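Working notes for the structure below.
Residue numbers (my numbering), protein chains in the order written: chain W, 1 to 318; chain F, 1 to 259.
Here it is, written out as structure tokens:
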């Protein structure tokens, strides 16, 4: 236990003092705070004249002030945090000869990989929490609205699922750092898998789906529905899609489906809500339970594979 | 630190029986039978790739032997690697260090991994740095250390741990003459004053001749000769019957095995 603690502590302090992490953190903090500030301005504009808007605070995360909303930003660039923290975690120690020194000490071998993973999880947790707290504070100032209890719960779940999502990518990076001896190779492999799952799969899904021909006797709407359904099915391979779907529902109580066929603007959304009340938190969670389970499962799978591969490595090649 | 007393009195500190390791078709260590008594400084000689490091890794439980058994400090490194590693200090060849730590932080980390209470560890670390002559530079990052300084820091780690058995793999490589002398002095003192058993791998035969009580020569994975210097000399005479130096004996064995 003390070995695990020692390794985790050392890794965390390495992360926090590395310039790599500082650059990344300041970049992400800057962009997300800017985005939320813009979103805040836009929300105030949109809600002008609105009699009794609900869940205004959560709109900070979903409203697109400049380009796209924060939730999507984390979906795209959150993985980079995980990848950058993990891509050289094991193979750097191999190459510098510190791994065999570590293992010559009276510690179990899994303390090394557990400590590295735990340190990554802690750093990611601190990073995400810091950013969300900054956003919340900024939201208080720009909107002048205090979040309600339910909104805070939802933000908490948003944080939790985001943590799982980013940690999955940390797991991917650690796996690559075990599989590849060269740091450059593992970095490239990490980036390639990120690009593949985050950009190529959504593109390929939409291209593949729109290639489907209309069936004879099918109505226009039926065809559009079918293509959209097909696209969704194809893109389910991507963890990013899973994350986005669960986030959309968790952060937006007015949503009652994980996939929106038509993008609804904020105003229409609010006017719709006059007819349909918001979902309660447990209903929202229940709706995206499969997506969340999927994210947790791939995280566990990824870590499990890394663990087994690492435990079985012949030490001489270390 | 409380010592694990698994070793029975009179039992050799290190003992192997037909210890072998194969990597595919290549035989790295071939039926090695080695016995090192407690408090002995055993010189382990052999050309590069003779299987010395592989043997050390098997003795530490870091590599699984293909066949045969080993006992270190009365324990089986295969079954109880943690207990073995608690009693063995290992100075690797080409050892790695965390470049962003300074010497004190490195020693503190090693102490923590060995479960040492921190006030005691701090004192021991200072004493170790003092003994290897690094106390003045202990605040510098290891990344800025020269090869010799790193080597000395490696020895400081062993002094900190105060194990019963030390495996030293090429400890004097990259050291200046003063550093070498100091390193050998520390090794001799450890064996003499603390009764530490030392397994010393080296190519520098003069040094081995100076500090080792017994010597084993390993070539191509096999132990071709073993004994005190006098015993080795008795086995190999010069052409005119003169006494050979260890270097000459070693070269004889080496040439015999390669023909």
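From the three backbone atoms N, C-alpha and C, an ideal C-beta is built for every residue, glycine too.
Quick caveat: nothing in here was measured; it's all calculated off a predicted structure.
Min CB distance residue i to chain F below 8 Å
i, result
"residue 243 of chain W", "no"
"residue 88 of chain W", "no"
"residue 101 of chain W", "yes"
"residue 14 of chain W", "yes"
"residue 262 of chain W", "In this predicted model, residue 262 of chain W has a pLDDT of only 48, less than 50, meaning its place in the structure is not dependable enough to derive any value."
Chain-ordered neighbours of residue i on chain W, where CB pairs are closer than 8 Å
i, result
"residue 86 of chain F", "106"
"residue 82 of chain F", "106, 107 and 108"
Listed by chain order, chain W residues near residue i by CB distance under 9 Å
i, result
"residue 149 of chain F", "Here the premise fails: no neighbours, minimum Cβ distance about 16 Å."
Chain-ordered neighbours of residue i on chain W, where CB pairs are closer than 7 Å
i, result
"residue 112 of chain F", "2 and 6"
"residue 97 of chain F", "98"
"residue 109 of chain F", "6 and 10"
"residue 60 of chain F", "104"
"residue 115 of chain F", "2"
Neighbour flag for residue i against chain W, beta carbons, 8 Å
i, result
"residue 94 of chain F", "yes"
"residue 254 of chain F", "no"
"residue 90 of chain F", "yes"
"residue 100 of chain F", "yes"
"residue 2 of chain F", "Caution applies to residue 2 of chain F, whose pLDDT of 47 falls short of 50 and renders its modelled position unreliable; the value that the coordinates give is listed next. It does not; no Cβ of chain W falls within 8 Å."
Which of helix, strand or coil DSSP assigns to residue i
i, result
"residue 31 of chain F", "strand"
"residue 257 of chain F", "helix"
"residue 145 of chain F", "coil"
"residue 40 of chain W", "helix"
"residue 21 of chain F", "strand"
"residue 45 of chain F", "strand"
"residue 262 of chain W", "A caution first: residue 262 of chain W carries a pLDDT of 48, below 50, which makes its placement in the model too unreliable to give a value."
"residue 88 of chain F", "strand"
"residue 87 of chain W", "coil"
"residue 318 of chain W", "Because residue 318 of chain W carries a pLDDT of 42, less than 50, the predicted location of this residue cannot be relied on, and no value is offered for it."
"residue 67 of chain F", "strand"
"residue 1 of chain F", "Residue placement at residue 1 of chain F cannot be trusted, given a pLDDT of 45 that sits under 50; the coordinates are not used to answer."
"residue 167 of chain F", "strand"
"residue 15 of chain F", "strand"
"residue 225 of chain F", "strand"
"residue 252 of chain W", "coil"
"residue 102 of chain F", "strand"
"residue 279 of chain W", "coil"
"residue 237 of chain W", "coil"
"residue 288 of chain W", "coil"
"residue 36 of chain F", "strand"
"residue 47 of chain W", "coil"
"residue 146 of chain W", "coil"
"residue 126 of chain W", "helix"
"residue 80 of chain F", "coil"
"residue 248 of chain F", "helix"
"residue 105 of chain W", "coil"
"residue 175 of chain F", "coil"
Nearest-angstrom beta carbon gap, residue j and residue i [assumed within contact, 8 Å]
i, j, result
"residue 190 of chain W", "residue 166 of chain W", "The Cβ separation is near 13 Å, so there is no contact."
"residue 39 of chain F", "residue 191 of chain F", "6 Å"
"residue 252 of chain W", "residue 58 of chain W", "7 Å"
"residue 103 of chain W", "residue 109 of chain W", "6 Å"
"residue 19 of chain W", "residue 62 of chain F", "Rounded, the Cβ-Cβ distance is 33 Å, inconsistent with contact."
"residue 112 of chain F", "residue 2 of chain W", "7 Å"
"residue 295 of chain W", "residue 154 of chain W", "About 17 Å; that fails the 8 Å criterion."
"residue 68 of chain F", "residue 19 of chain F", "4 Å"
"residue 70 of chain F", "residue 59 of chain F", "6 Å"
"residue 168 of chain W", "residue 299 of chain W", "4 Å"
CB contact below 8 Å: residue i versus chain C
i, result
"residue 38 of chain F", "Annotation note: the requested chain C is absent from the structure, which comprises protein chains W and F."
Item checked: Minimum length 3: unbroken beta strand (DSSP E) runs contained in the region 187-223 of chain F -> 197-201 and 214-219
Margin query: If we require 4 or more residues per run, which alpha helix (DSSP H) segments fall completely within the region 148-206 of chain W?
Written below: 149-179 and 183-195
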